[in-house]
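> Supplied in structure tokens, the structure appears directly below.
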Amino acid sequence: MIYADTRELADESTGHGQCPNCEEEMVHSTSALQFARQGIAFNLAGVPAEVCPECGEAYIDPRLARPLWDCAMSAFQEIISLKARASATL
Ligand SMILES: [Zn+2]
Numbered sequence: 030m031i032y033a034d035t036r037e038l039a040d041e042s043t044g045h046g047q048c049p050n051c052e053e054e055m056v057h058s059t060s061a062l063q064f065a066r067q068g069i070a071f072n073l074a075g076v077p078a079e080v081c082p083e084c085g086e087a088y089i090d091p092r093l094a095r096p097l098w099d100c101a102m103s104a105f106q107e108i109i110s111l112k113a114r115a116s117a118t119l
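Residues in the sequence shown are numbered from 30 upward in steps of one, following our numbering.
The following block contains the structure:
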């Protein structure tokens, strides 16, 4: 469901343009997002992005990046409270 939505967003931004680093034409591909907080880390791979074939610079549409960030933040809160509960009962 989310994947279908993000695909649509990514397709809209096709032809994002040139790499801000090396001015190479960016291509439609996928990238990874890393989230880390309080010793917990997520690595989310396969995120639709415009990627520079030359230097690897990646651009993820903020309309996609923001809800992914929100998801990660609520997951962090969930995990942190689970950890707190686990250490209280163990
Ligand atoms: Zn580049």
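By construction, the Cβ of each residue, glycine as well, lies at the ideal position given by its N, Cα and C atoms.
These figures come from a predicted structure and were not determined experimentally.
For the putative contact between Met55 and Glu79, defined by C-beta atoms under 8 Å, what is the C-beta separation to the nearest angstrom?
Counted from its first residue, the sequence shown places residue 55 at position 26. Counted from its first residue, the sequence shown places residue 79 at position 50. Yes, Met55 and Glu79 are in contact; Cβ-Cβ is about 4 Å, under 8 Å.
> Among Ala87, Ala94, Gln106 and Leu111, which has the Cα closest to the Cα of Ser58?
Here residue 58 is taken as the residue at index 29 of the sequence shown, counted from 1. Nearest C-alpha to Ser58 among Ala87, Ala94, Gln106 and Leu111: Ala87.
> Report the option in Ala61, Cys81 and Arg92 whose CA atom is closest to the CA atom of Ala74.
Numbered from its first residue, the sequence shown carries residue 74 at position 45. Minimum Cα distance to Ala74 is reached at Ala61.
> State yes or no: is the C-beta of Glu53 nearer than 7 Å to some heavy atom of ligand 1?
Numbered from 1 along the sequence shown, position 24 holds the residue referred to as residue 53. For ligand 1, at least one heavy atom lies less than 7 Å from the Cβ of Glu53.
> Work out the CA separation of Leu93 and Gln47 for me, nearest whole Å.
On the sequence shown, residue 47 is found 18 positions in, with the first residue counted as 1. On the sequence shown, residue 93 is found 64 positions in, with the first residue counted as 1. The alpha-carbon atoms of Gln47 and Leu93 are separated by roughly 20 Å.
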